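Numbering (the working numbering), first residue to last: 15 to 145.
All residues carry an ideal CB built from backbone N, CA and C; glycine is no exception.
Note that the coordinates shown come from a computational prediction; the quantities given were computed from them, not determined experimentally.
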């Protein structure tokens with residue numbers, strides 16, 4: 015979507031089209047810096063609820079974004095919230111699985127996480143073309 019916004023503007027500065035670079039960086043910072051602080055200061059349940067709520071708010075904000083700068087501003091906190099949610103969710107799933115089944119459980123967790131994301135570009139394209 016960032017590319018589409020930048021292409022439509024034709025003169026958008028390169029700094030406005032950094033979503034693809036900002037999101038992975040936000041994910042790495044979250045894993046290295048934010049997650050240790052979160053796990054030390056609040057319960058996993060609280061972190062899951064808060065990160066889920068933050069994700070919901072910023073997913074709704076995507077509907078109102080019209081510039082690349084807005085997309086970047088929305089993407090970074092969304093990546094942070096989603097990373098916190100995913101890491102805690104994977105941790106809980108691993109903890110409840112039997113020791114001999116942990117590899118299988120983590121594999122299935124990651125496979126489902128990826129499988130849900132596979133059809134999303136096609137769905138998003140169909141939705142954008144219908145507007």
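If you follow the alpha helix (DSSP H) that residue i is in, where does it begin and where does it stop?
| i | result |
| --- | --- |
| residue 89 | 82-110 |
Rounded to whole angstroms, what is the Cα-Cα separation between residue i and residue j?
| i | j | result |
| --- | --- | --- |
| residue 2 | residue 130 | In the structure as shown, the chain begins at 15 and stops at 145. Residue 2 is therefore absent and cannot be evaluated. |
| residue 111 | residue 92 | 28 angstroms |
| residue 127 | residue 107 | 13 angstroms |
| residue 118 | residue 52 | 27 angstroms |
| residue 85 | residue 74 | 12 angstroms |
| residue 47 | residue 143 | 39 angstroms |
| residue 44 | residue 60 | 17 angstroms |
| residue 94 | residue 114 | 31 angstroms |
| residue 54 | residue 62 | 14 angstroms |
By Cβ distance, which residues of its chain are closer than 7 angstroms to residue i, with the 5 residues on each side in sequence left out?
| i | result |
| --- | --- |
| residue 49 | 98, 101 |
From the options, pick the residue whose C-alpha is nearest to that of residue i; which is it?
| i | options | result |
| --- | --- | --- |
| residue 96 | 137, 113, 65 | 65 |
| residue 121 | 43, 134, 105 | 105 |
| residue 58 | 76, 83, 109, 140 | 109 |
Using C-beta distances below 6 angstroms, list every residue in its chain close to residue i, excluding the 5 sequence neighbours before and after it, in chain order.
| i | result |
| --- | --- |
| residue 139 | none |
| residue 116 | 108 |
Next on the checklist: Suppose only complete runs of 4+ residues qualify. What are the alpha helix (DSSP H) ranges in the stretch 53-79, listed by chain order?
Outcome noted: Annotation note: the stretch 53-79 contains the following uninterrupted alpha helix (DSSP H) runs of length 4 or greater, listed N- to C-terminal: 58-76.
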